[in-house]
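One structure is given below, encoded as structure tokens.
2 protein chains.
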Amino acid sequence: MSSYTLPINPVVVAAQYAVRGELVQKADKYREQIKAAKANGQSNPLPFDEIVACNIGNPHELGQRPLTFSRQVLALMHCPQLMDSADATKLFQPDAIERAKRYLQDIRGGTGAYTTSQGLACIREEVRHFLEQRDEVAANTDDIFLTDGASSGVKFLLTLIVKGKEDGVMTPIPQYPLYSASMTLLGGECVKYYLDESKGWGLTREELERSYNEGVSNGVTPRALVIINPGNPTGQCLPVSMIQAIIRFASEKKMLLMADEVYQTNVYGSTPFTSFKKVAASMKSEVVLVSFHSVSKGFVGECGQRGGFFELYNAPEEFKAQLKKLTSISLCSNVSGQLMTGLMVNPPKEGEASYPLYKQERDGILASLQRRAQKVTKILNECTGIHCNEVEGALYAFPSITLPEKAVAEAKKQGKVPDAFYCLSLLDATGICVVPGSGFGQVEGSFHFRTTILPSEETMEKVMNAFKNFHQQFMQKYA
Amino acid sequence: MSSYTLPINPVVVAAQYAVRGELVQKADKYREQIKAAKANGQSNPLPFDEIVACNIGNPHELGQRPLTFSRQVLALMHCPQLMDSADATKLFQPDAIERAKRYLQDIRGGTGAYTTSQGLACIREEVRHFLEQRDEVAANTDDIFLTDGASSGVKFLLTLIVKGKEDGVMTPIPQYPLYSASMTLLGGECVKYYLDESKGWGLTREELERSYNEGVSNGVTPRALVIINPGNPTGQCLPVSMIQAIIRFASEKKMLLMADEVYQTNVYGSTPFTSFKKVAASMKSEVVLVSFHSVSKGFVGECGQRGGFFELYNAPEEFKAQLKKLTSISLCSNVSGQLMTGLMVNPPKEGEASYPLYKQERDGILASLQRRAQKVTKILNECTGIHCNEVEGALYAFPSITLPEKAVAEAKKQGKVPDAFYCLSLLDATGICVVPGSGFGQVEGSFHFRTTILPSEETMEKVMNAFKNFHQQFMQKYA
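Line by line, the protein sequences give chains A and B.
Take 1 as the starting number for the first sequence in this note's numbering and just add one per residue.
Take 1001 as the starting number for the second sequence in this note's numbering and just add one per residue.
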């Protein structure tokens, strides 16, 4: 490998994405060690048998099963000749066959052809119908863009509005680090507003004002406001009154409001999900809004398909035209992901052949997620030095940890951020991989970590016990 | 839609991507008009029955069939329970079932889980094996990254090395406009080197020197050199001596050499494809090289799957580490595309159940493409005022057109670039959609267009006759 060096773009060097950061790389190495030992017939050199990947919301990796109907349609779409066989009816439900036939009629070239950059018209039509049902507000297929997961949509929008360090985007703290990483790459500034942990991770108009003014006094014009509802990593569900306040604020400041609503079906508490679009429409607001959704979360959990969409609301024509051009440079999002998006928003209906199984699968996953959300919160709150708000939605708990002074000192000695030191110790001791709060942002001097609630119910007991034991020992060691 | 305006990032406004530009939007409108007339039982208001999309290399859209083996495996991967059925053996070849079983064993969570950002290890292993067979040079899975088509890989690499207007990337003219569009978005500069149409779109060391020095004298440091082989839009295949000269030049100037080799199996002339890596290794060059490949082209043509990979060669460790982090911000490429990449590089082998059909499909597509390449070239060269080099490779012809002075004047009057005016006239008259040469770059004062060679052999005659008639009439009108 003797070759010359190449100068690397400093914004890439500066970008951080903790969800797949140092800890995850270490976990990958441990996984390889365990595998290699097994392959060589040697005994496992580590104090745990497997890595428990609680660092990322990846439900299928931890055993969640895909929805049968969606996968049947996808299989038929990739292999349409299956439908010509008489045996097909033994293997596929009639409504799955019917759906695949309809899609194939509408899609020139099937799953192997580029689609228009905005995505297949027949799928956008299904999304439109879904949005109208959900919000009781008219929607328009031309305002809907299909994307490779929500992340790629977020990046398109940020690219469209952020031209450099004079442009800011108001982001919650704690936030999902896609936003900060993308802003670093674009050379723009995150203008931080803080969610109030003591008030269930709520936010106030005053805090938005403070943050905005701070941005402006630093020479940064906030061009957009990002809100994640239900919250990632914080798990709160916003009440309508708070949504109204945010819409009013974004509209007054003439910002783009970016509503990350990928966890809209992951709601476990008493506050139901209400979309920003529904509220904006009811207020007759002029806010320019973009709402994101994804097939990766909810009870679908199809992260690997990379499907999702965003909807524009009140977007000026020129804004939309430039956005269309920008997406065209990436040709189109992948067709499997587009189809999965259609199947998510237009599932089997009551009376259709696949409905009973679909209902059973959906309800089973959602009920289990709710039990797991409660269980994780309960056990975390049983640990001395840990406090965790109720997980009202999404797939994560984001507890605060009161780290002993000696632990903070030891972390500094090792050149680590204290909560990263805690999480690395957890990984080393148990194989449980979580993400330090510093990767999401937190109030200076406080420490947190994010864990998914996704270990299966069969393994949850074991995982949480291993965590509890580690935590006790860690706290004793540095008492 | 009364709302406030939002300032748009000027680099987005400036970016151009002709392959999906003004002409294609007009074609889409025509398509909708035809569809609407049909739906309303009205007669077609246009002088043609359908749009012939020769603007983009999208084989399945124009009737190319997918390879059966790949699609069988993909269907089984999405719907593994099919394999539990006794009827599966009636519908699927045993080697397709075997392959799906092997993949499922290696992939935690199946097609619904995020993979590592670099892509599935089992697929990268298949790619490694393919590269070693192709080049007779050792390859390394850690140097291989799976991507959503080649485009996303190109964007990762350009983002990694281009920090602003002081950084350039040497790009061929004519070029595939992904490169210029990405550079515009990144705020860097394309440093143009010209391919010589009179020498079969060849290039010389002298032209590379001239271009490099021109960049430097404009205050731009070329950080990378892009080469597309076989050429897009130009269709030439580079001989080994030219590849050697390019490698030597990139290495001397300590640039990243970016070899876009997505058309490596689309070769119709006497010059075989030779990879840059094979040549670099034979020269023991220190050049830092990245080579791109895709499932969208070749005889696979699976554009909708968005699959592809790139391989690093001689890349410094820090370069690779930063690239890994950068790709992690996009989580991972879609799993269907990753699987399709594995299936492309590791197709059925002689003696396996699917081999005879695979061979028949592959050979049929390649032979047909070759016939079409020759036919398109021949008919274009029969037209007065058109000259087209031999299409040695890729999926396009890029003829030059000698436009009459009156046509140039009329174009200017209408505020159009002359070759765009020609292409719009072609679309208006025939429904054939091609891309003006100005979208790819061309020597000042010369005019070209790019057409794919992809209309099926059944329709080719009709399409080319419609083109010929249009061209004659156009030339007469403006004589």
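All C-beta atoms in this analysis are idealised placements derived from N, C-alpha and C, irrespective of residue type, glycine included.
Just so it is clear, the structure is predicted and the values come from calculations on it, not from any experiment.
In chain B, which residues lie with their C-beta within 9 Å of the C-beta of A/Asn-334?
Neighbours of A/Asn-334 on chain B, chain order: Asp-1148, Gly-1149, Gly-1304, Gln-1305, Arg-1306, Gly-1307, Ser-1333, Asn-1334, Ser-1336 and Gly-1337.
Taking 8 Å as the cut-off, decide whether the C-beta atoms of B/Phe-1392 and B/Val-1267 are in contact.
Note on residue identity: the sequence assigns Glu, not Phe, to residue 1392 of chain B. A contact, by the Cβ cut-off of 8 Å.
Which residues, in order along the region 98-112 of chain A, keep a beta-carbon less than 7 Å from a beta-carbon of chain B?
Answer set for the region 98-112 of chain A: Arg-108, Gly-109, Gly-110, Thr-111 and Gly-112.
So who's on the other strand from A/Phe-292, going by DSSP bridges?
In the DSSP output, where bridge partners are listed per residue, A/Phe-292 has A/Asp-260 and A/Phe-310.
Could you check whether A/Asp-167 and A/Ala-315 sit closer than 8 Å to each other, using their CB atoms as the reference points?
Their beta carbons are not under 8 Å apart, which means A/Ala-315 does not touch A/Asp-167 by this criterion.
If distances are taken between C-alpha atoms only, which option among B/Leu-1343, B/Gly-1337 and B/Val-1288 comes closest to B/Glu-1317?
Residue nearest to B/Glu-1317 within the set B/Leu-1343, B/Gly-1337 and B/Val-1288 is B/Val-1288 (criterion: CA-CA distance).
Please classify A/Asp-106 as buried or exposed, where buried requires at least 16 other C-beta atoms within 10 Å of its C-beta.
It counts as exposed.
Beta carbon proximity, A/Thr-271 to chain E, threshold 8 Å
This model lacks chain E altogether, as its protein chains are A and B.
Any beta carbon from chain A within less than 8 Å of B/Pro-1356's own beta carbon?
Output row for B/Pro-1356: interface = no.
DSSP three-state assignment for B/Asp-1167, whether helix, strand or coil:
Of the three classes helix, strand and coil, the one that applies to B/Asp-1167 here is strand, per DSSP.
CA-to-CA distance, A/Ala-139 to A/Asn-229, given in whole angstroms:
A/Ala-139 has its alpha-carbon roughly 21 Å from the corresponding atom of A/Asn-229.
Does A/Asn-465 get closer than 8 Å to chain B when you measure Cβ to Cβ?
Not closer than 8 Å to any Cβ of chain B, the Cβ of A/Asn-465 fails to qualify, so no.
Please go through the same chain and pick out, in chain order, the residues whose beta-carbon is closer than 6 Å to the beta-carbon of A/Arg-99, but skip the five residues on each side of it.
Residues Val-73 of the same chain have their beta carbon placed closer than 6 Å to that of A/Arg-99, with the five preceding and five following residues left out of the count.
Cβ of A/His-387 within 8 Å of any chain B Cβ
It does not; no Cβ of chain B falls within 8 Å.
Report the option in B/Ser-1180, B/Val-1024 and B/Ala-1037 whose CA atom is closest to the CA atom of B/Ala-1015.
Ranking the options by Cα distance to B/Ala-1015, first place goes to B/Ser-1180.
When DSSP labels each residue in this structure, what does A/Met-1 get in the three-state scheme?
In this prediction, A/Met-1 has a pLDDT of 49, which is less than 50 and means its spatial position is unreliable; nothing more can be read from the coordinates.
Since B/Leu-1146 is in the alpha helix (DSSP H), which residue starts that stretch and which ends it?
Under the DSSP assignment, B/Leu-1146 falls outside any alpha helix (DSSP H), being part of the beta strand (DSSP E) whose first and last residues are 1144-1147.
So which residues of chain B does A/Thr-451 contact, with C-beta pairs closer than 8 Å?
The contacting residues do not exist; A/Thr-451 stays about 17 Å from chain B at best.
In chain A, which residues lie with their C-beta within 7 Å of the C-beta of B/Ser-1456?
Ordered by position in chain A, no residue passes the 7 Å Cβ test against B/Ser-1456, which lies about 12 Å from the chain.
Cβ-Cβ separation, A/Ser-354 to A/Gln-93 (assumed contact under 8 Å), whole Å:
About 5 Å; that satisfies the 8 Å criterion.
Contact defined as beta carbons within less than 8 Å: I believe A/Lys-416 pairs with A/Leu-424. What is the distance between those atoms, to the nearest angstrom?
Correct: roughly 7 Å between the Cβ atoms.
Is the CB-CB distance between A/Gly-109 and A/Arg-306 below 8 Å?
No. Outside cutoff.
Show which residues of chain A have a CB atom less than 8 Å away from the CB atom of B/Gln-1072.
Within chain A, the residues near B/Gln-1072 are Cys-79.
Nearest-angstrom beta carbon gap, A/Ser-438 and A/His-420 [assumed within contact, 8 Å]:
Rather than His, the amino acid found at residue 420 of chain A in this sequence is Ala. At roughly 6 Å, the Cβ-Cβ gap stays under 8 Å, so A/Ala-420 and A/Ser-438 are in contact.
Should A/Cys-388 be listed as close to the ligand ADP, given that the test is whether its C-beta is under 7 Å from any heavy atom?
Although the ligand ADP was asked about, the structure shown includes no ligands whatsoever.
I'd like the list of long-range same chain contacts for A/Val-463, defined as Cβ closer than 6 Å, with 5 residues on each side in sequence excluded.
Val-52 and Pro-455.
Measuring CB to CB, does A/Ala-88 end up less than 8 Å from A/Phe-69?
If you check the CB distance, A/Ala-88 and A/Phe-69 do not come in under 8 Å.
Could you pull out every residue in the same chain whose Cβ sits closer than 6 Å to the Cβ of A/Leu-403, ignoring the five residues on either side in sequence?
Only Pro-418 and Phe-447 meet the Cβ criterion.
Would A/Gln-484 pass as an interface residue toward chain B - the criterion being a Cβ-Cβ separation below 8 Å?
Any property of residue 484 of chain A remains undetermined from this structure, which presents chain A solely from 1 to 479.
Quick check: is the beta carbon of A/Tyr-478 nearer than 8 Å to any beta carbon in chain B?
False, the Cβ-Cβ gap to chain B never drops below 8 Å.
Mapping DSSP to helix, strand and coil, what is A/Arg-223?
In this structure, A/Arg-223 counts as strand in the three-state DSSP scheme.
Counting beta carbon pairs with one atom in the region 1320-1337 of chain B and one in the region 3-15 of chain A, are three or more of them shorter than 8 Å?
These segments touch.
By Cβ distance, which residues of its chain are closer than 6 Å to A/Lys-155, with the 5 residues on each side in sequence left out?
Cβ neighbours of A/Lys-155 within its own chain (closer than 6 Å, five residues either side excluded): Ser-182.
Is there a Cβ from chain B that is less than 8 Å from the Cβ of A/Phe-319?
At a cut-off of 8 Å, the C-beta of A/Phe-319 has a neighbouring C-beta in chain B.
According to the neighbour-count rule (16 or more other Cβ atoms, all chains shown, within 10 Å of its Cβ), is B/Ser-1043 buried or exposed?
The Cβ neighbour count for B/Ser-1043, taken over all protein chains shown within 10 Å, is under 16; the residue is labelled exposed.
When the Cα atoms are used, what is the spatial distance from B/Arg-1210 to B/Gly-1269?
Using only the alpha carbons, I get a separation of about 30 Å.
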